[in-house]
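Here's the structure, in structure tokens; my notes come after.
Number of protein chains: 2
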Amino acid sequence: MCVEEAFSKLCLSEKGSDDAIGVKSLVFKPKTAKSAVPVPIVVVALQSTTTPSPLVAQATSLKDPRLARDELFQSFFKCNSAKEFSVAYLANAESPFHLLVDRQLEALDESAMLQLNEAAFIQKSELVAYLGKFESQKQCVDFGQEVAKPDAKKKQEAAAGAASAALEDAKLIGITVDKALDFPGWYQQILTKGEMLDYYDVSGCYILRPASYAIWEQIQQWFDSKIKALGVQNAYFPMFVSSRVLEREKDHIEGFAPEVAWVTKAGSSDLEEPIAIRPTSETVMYPYYAKWIRSYRDLPLKLNQWNSVVRWEFKHPQPFLRTREFLWQEGHTAHLTVEDAKQEVLDILDFYAGVYEELLAVPVVKGKKTEKEKFAGGDFTTTCEGYIPQTGRGIQGATSHHLGQNFSKMFNVSVENPLGSDHPKLFVYQNSWGLSTRVIGVMVMIHSDNKGLVIPPRVSQYQAVVIPVGITKKTTDAERSNIHASAKAIEDRLKKAGIRAFGDYNDNYTPGWKFSQYELKGIPIRIELGPKDIEKSQVIVVRRNDSRKYTVQLNELETRIPEILEELQQDLFLKAKELFDTHRVIVEDWKDFVPNLNRKNVILSPWCGVMECEEDIKDSSAKKDDGEELEQDEKSPSMGAKSLCIPFEQPELKQGQKCIKCSRPAIQYCMFGRSY
Amino acid sequence: MCVEEAFSKLCLSEKGSDDAIGVKSLVFKPKTAKSAVPVPIVVVALQSTTTPSPLVAQATSLKDPRLARDELFQSFFKCNSAKEFSVAYLANAESPFHLLVDRQLEALDESAMLQLNEAAFIQKSELVAYLGKFESQKQCVDFGQEVAKPDAKKKQEAAAGAASAALEDAKLIGITVDKALDFPGWYQQILTKGEMLDYYDVSGCYILRPASYAIWEQIQQWFDSKIKALGVQNAYFPMFVSSRVLEREKDHIEGFAPEVAWVTKAGSSDLEEPIAIRPTSETVMYPYYAKWIRSYRDLPLKLNQWNSVVRWEFKHPQPFLRTREFLWQEGHTAHLTVEDAKQEVLDILDFYAGVYEELLAVPVVKGKKTEKEKFAGGDFTTTCEGYIPQTGRGIQGATSHHLGQNFSKMFNVSVENPLGSDHPKLFVYQNSWGLSTRVIGVMVMIHSDNKGLVIPPRVSQYQAVVIPVGITKKTTDAERSNIHASAKAIEDRLKKAGIRAFGDYNDNYTPGWKFSQYELKGIPIRIELGPKDIEKSQVIVVRRNDSRKYTVQLNELETRIPEILEELQQDLFLKAKELFDTHRVIVEDWKDFVPNLNRKNVILSPWCGVMECEEDIKDSSAKKDDGEELEQDEKSPSMGAKSLCIPFEQPELKQGQKCIKCSRPAIQYCMFGRSY
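Sequence lines, in order, name chains A and B. This note's numbering puts the first sequence at residues 637 to 1312. This note's numbering puts the second sequence at residues 637 to 1312.
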């Protein structure tokens, strides 16, 4: 189609109307090697829509797009200049380009009249039909959304001209960024293209699509049955807290106040006093614990809720890891004795470690937080800590807190002394513990790869996809029907055996296209069935994580498939565990501390337990050139190392061992690392 | 203990401190018959706490408490006057009184110094110890809470001097209000004393305690598996909506705008623009449906979320029925064809009816809403409608909406035409459907009685309680152990058989006390086991709803108990169904319309389908003296009748039948009623 034809197809009209809506066509050129053929980005948008280049970059995953010069218009679209350019010239392109269409434009009525330039008008439906010719390159973009900013440091590094992280053989539909080279960009793509999550038009909030919510449901089911066996009951407390109640525990509110979202209006009326949205529910619940707990026979009281909380973080939000609203469970229990309470803290921590290790195939280290890092207002905090190999950073997995009697004294949660009413009342011992959807982000970061998501079978929404193969032009209709029917029969048998399976029998796509699709989405195994397999009464099974192939006899389907899924689950865990184990190093000399951090390790060091020393370690490890000659690692952050936890499993402390940083005697090993 | 002793016990001191906290002791007298012995209400509160009499009334469930005159101080406490009165005089009381202690006072440090009058000071711990002597009469009250107001009409009626609704034989711990005489007061007590729900310090919000949340979990499980079988997937969308998106569909937002809660601040910063909390998620979700649905192969898209939404109602809130935050599920589906969409609307409505009839034992009538009552912005709304016998009012149960293409056109949710890209794009057909925790309120209103909650076994948190009986002073320790062990063995067998059972083996309470407790809480059956039962290898089973007794042989436990539970479930449904069926009457003459409403009926009448006529019916039925001589029924509201639904199951329309109200021809029967 030449440009003249295109113009005629466009049904352009010189008769506009006064309320025609202005539309602009812009061309961006991403940063590419001089020798490479450029892949320009055409943006078709309402005149009134601003189309910032960072959003263009985000939509295409291309680096530094800039408005193109006339040379590019001439060489690529055979159009004299940017000024003359219109969508008609798209027909002249001889190699691929990106086409971004403004969602606001797409949202217009089909009958709307658009103005392309001073003299050219077109009906929206016509423009849409025309752009439809470039459907495979087209993408609809919401320019109203906020740009997902990589954190500042990353941005500098990216700008510093590191090798492009773009994957050479990636198609637009797949992942176009290399996990090893641009981890944040990869993470964002893997989540959106894998259809786990979508960005939302309120910054810091994200949509959990079925693929990720189903993982959350698996976790809920597992954890819920564990805590119910401990006697925990579920309940639901309101999401709103009055400021009076929220601010009752001072240390606690200090920890949360800067992030509290306030409702001040309902309809068109101002509320008499602002009402907070819970950032966590201690102060929501404990006034009622005080009311309900009158006697030691009311103890223990163990409640849990599955809900969402809001922490209006002003730091750069990140899907799953740091979001302004997130889903979690929060357990709040009250006990007569401190022993009973402390035992539960550890029981729950084991369940949290179980969520990571048994369900998500993510290894964690259990331990206790330092005084500096513990929960605001509590006695002590236990935690399970994970590790992200690409960044070498630790990540807090989930925490289980013992609150002691601090809140019970503040909220007067007390019971009659079992010894009699002439003995003083007893304040209860309390715990609180929470696990959030952050776990899903950690899982994705650890297992997934450049082909897409890798999801452990125990939690994935679907465990297996059945795909007919070997259908060619020579295949007769009867043969095709037979293959489809056999594949469907396999799907049915798997479902009956309790395996979350589905089939893709769409003849419009090649098996290869389907393979890529389900690799992108992280379906743990695919099951291929072709004419030869039918002859041999077998299927071919391919694992998502490493493409390992198995031939499975049909009569062994119900036993072998669960075994293969289970092996896959174990292999994911073992691989991740090896990476964590080999990057958790014991360091006893401060001179080795920073170099080891820079080698993407977390560090176990003898430590004195003093808060000032902890702060000193963080400050001292923030500089990269600590007198050492360091391997240059541009991707490693220059942030200092925080204490991650004091692991329960301790290396043996040598007699007279000094603290890694100061001259005080060491009292334990502490795990330090850069962290999320 | 005489008053002198009491004074000495009080350890009063004349040495105060400047920061001593003022404490007041007030006495209220509730409205009682002149002949009756008054049961005064003593309120001990911080000087700074206001103690409004409606809160005193609410806490004690007593009518119209007024500050007592000196006569009562003299006769009851042997104290000269209100002015001289202090807590020391409580020791003089010879008959029961209520003692309400301010939660603010209880929350003070044990060491706080209190000032009782000009010259008397006491340490808080001392006062608490003293008040502990009256523990059985004592109650801690949060005077900061809002009074749960009965609706205005009820209040007038109550004030008009109807017979007191107080139950004569009710103990303080049980329900003290008669369901038949003071339905709103009864409803409030049954929920709070049955421990289903508690009032919360943010008005219109309530706490769902485990007993009600467990019912919600049963409903979730049942409904979730039904919709998943239809191909619905769960997801989670953010609770926040930008005003731009919220206001995109005009009819829709008009319906919700007055009730939207707005977040305008985070921490101490004002947000750039206010962000709404979702009142429902159509506008939250559909921009993303537009993004995700590109081809007809992406259809149908069926998503559901279990979440909470906020509608800041300014009408009188009511637990479960009208609350500012509530839990629900909202399903949102997009279909290629209108037939597919409409079929789903009905499938979902059947599930909703199933939740009511099969799980909650509540009969409903399925039908379609009139144009006036349908969902704002949708094409049509289907509904299941319940009936509350005590008030004779209908109640909307749950609704399933067909949205047509209205939202899809507004949000541009469209697909390529399967006929080819030269055919116009197709806008999808959408549905939305929701069921909320309101269902629990309806269930409670229908089945429960003056002894407490009655909960259908299929949804109740616990289905059976095992209680040892027949233990007397003569029982030896060995016998007692044997009874306990046998009871525990029964509990274990029941649990193993999948029955949600527990046992109460606490020797400090009598079986009778326990019976009342578990009747209050609505445990469907209690299983009694005493020495004679052990001899005969049997247990006695008593049904909560009607005290019917069964003797069950131990060897039939696992078969008979589930049968008894199932019969109980059916009997609850049949009883409720009979009440609904006998109060759903066909009326064909307008003159019989209002009298039938006043007899607590809902009405099926031939109707023209015209909106003005519907409004006329409402206005005309609002007056009670419609030219008819009506049975005086003080409890029936004077509100007009709304259309509840056009039932799917229609009486046959006679030829030439006129509308019940106007002269137009009737086109169908419509169900009218006063309603919630």
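A virtual CB, placed ideally from N, CA and C, is assigned to each residue, including glycine. These figures come from a predicted structure and were not determined experimentally.
Check your understanding: Is the beta carbon of residue 1083 of chain B within less than 8 Å of some heavy atom of the ligand FAD?
Key -> The model on display carries no ligand, and the ligand FAD is accordingly not part of it.
Check your understanding: Skipping 5 residues on each side, what residues in its chain have a beta carbon closer than 6 Å to that of residue 1235 of chain A?
Key -> none
Check your understanding: Name the chain A residues whose beta carbon is nearer than 7 Å to that of residue 776 of chain B?
Key -> 927
Check your understanding: So, are the CB atoms of residue 928 of chain B and residue 943 of chain B less than 9 Å apart?
Key -> no
Check your understanding: Rounded to a whole number of angstroms, what is the C-alpha to C-alpha distance between residue 917 of chain A and residue 822 of chain A?
Key -> 35 Å
Check your understanding: Can you name the residues of chain D whose CB is closer than 8 Å to the CB of residue 901 of chain B?
Key -> No chain D appears in this structure, whose protein chains are A and B.
Review point. Buried or exposed: which applies to residue 888 of chain B, given that a residue is buried once 16 or more other Cβ atoms fall within 10 Å of its Cβ?
Key: buried
**Study point:** Any C-beta of chain B under 9 Å from that of residue 785 of chain A
**Key:** Residue placement at residue 785 of chain A is flagged as unreliable, the pLDDT there being 47, under the threshold of 50; the coordinate-derived value follows with that caveat. No, residue 785 of chain A does not count as interfacial toward chain B.
Point to revise | Spatially closest choice to residue 833 of chain A from B:861, B:854 and B:872, by CA coordinates | key: B:872
**Study point:** residue 1301 of chain A, DSSP secondary structure in three states
**Key:** strand
Review point. Is the CB-CB distance between residue 777 of chain A and residue 692 of chain A below 9 Å?
Key: yes
Review point. Could one say the Cβ of residue 963 of chain B lies closer than 9 Å to chain A's Cβ atoms, at least one of them?
Key: yes
Check your understanding: Mind listing which residues of the stretch 863-890 of chain A have their C-beta closer than 8 Å to chain B's C-betas, in chain order?
Key -> 869, 870, 871, 872, 873, 874, 875, 876, 877, 878, 880 and 881
Point to revise | Per-residue DSSP class, three states only, for residue 1249 of chain A | key: helix
Review point. Thinking just about the alpha-carbon of each residue, which of A:817, A:895, A:754 and A:812 is nearest to the one in residue 840 of chain A?
Key: A:895
Point to revise | Distance, residue 1281 of chain A Cα to residue 1309 of chain A Cα | key: 10 Å
Check your understanding: For residue 1331 of chain A, which of helix, strand or coil comes out of DSSP?
Key -> Residue 1331 of chain A is absent from the structure shown; chain A starts at 637 and stops at 1312.
Review point. Do you know whose CA, among A:665, A:860, A:1039 and A:1118, lies nearest residue 974 of chain A's CA?
Key: A:1039
Check your understanding: Is the number of C-beta pairs between the stretch 1089-1096 of chain A and the stretch 992-1005 of chain A that are closer than 8 Å three or more?
Key -> yes
Review point. List, in order along the chain, the chain B residues whose C-beta lies closer than 9 Å to that of residue 1069 of chain A?
Key: Under the 9 Å cutoff, chain B gives no residues; its nearest Cβ is about 18 Å from residue 1069 of chain A.
Practice item. Specify, as a first and last residue, the run of the beta strand (DSSP E) that residue 749 of chain B falls within. Key: 749-751
Check your understanding: What's the C-alpha gap between residue 993 of chain B and residue 1303 of chain B?
Key -> 29 Å
Check your understanding: From this set, B:855, B:1109 and B:1218, which residue's C-alpha is nearest residue 1072 of chain B's C-alpha?
Key -> B:855
Exercise for review: Output yes if chain B places a C-beta closer than 9 Å to the C-beta of residue 843 of chain A; else output no.
Suggested key: yes
Practice item. Would you verify that the beta carbon of residue 1042 of chain A is, or is not, closer than 9 Å to some beta carbon of chain B? Key: no
**Study point:** Within-9 Å CB hit, residue 745 of chain A to chain B
**Key:** yes
**Study point:** contact_flag[the stretch 895-915 of chain B, the stretch 975-985 of chain B] where n(CB pairs < 8 Å) is 3 or more
**Key:** no
Practice item. Starting from residue 753 of chain A, find everything on chain B with Cβ-Cβ shorter than 9 Å and list it in chain order. Key: Here the premise fails: no neighbours, minimum Cβ distance about 25 Å.
Practice item. Quick one: which residues of the stretch 941-954 of chain A get their C-beta closer than 7 Å to a C-beta of chain B? List them in chain order. Key: 944 and 948
Practice item. Starting from residue 813 of chain A, trace the alpha helix (DSSP H) both ways and give me its first and last residue. Key: No alpha helix (DSSP H) holds residue 813 of chain A; DSSP gives it neither H nor E.
**Study point:** Assumed close pair residue 1082 of chain B, residue 1212 of chain B - CB separation to whole angstroms, cut-off 8 Å
**Key:** 5 Å
Check your understanding: According to DSSP, what are the bridge partners of residue 772 of chain A?
Key -> The partner list for residue 772 of chain A (beta bridge, DSSP) is empty, contrary to what the question assumes.
Practice item. Kindly indicate if chain B contains any beta-carbon less than 9 Å away from that of residue 939 of chain A. Key: yes
**Study point:** Interfacial residues, the stretch 969-992 of chain B to chain A, with Cβ spacing under 7 Å
**Key:** none
Point to revise | Alpha-carbon to alpha-carbon, residue 1279 of chain A and residue 1240 of chain A | key: 10 Å
**Study point:** Same chain, Cβ closer than 6 Å to residue 1012 of chain A, neighbours up to 5 away in sequence not counted
**Key:** 887, 888 and 891
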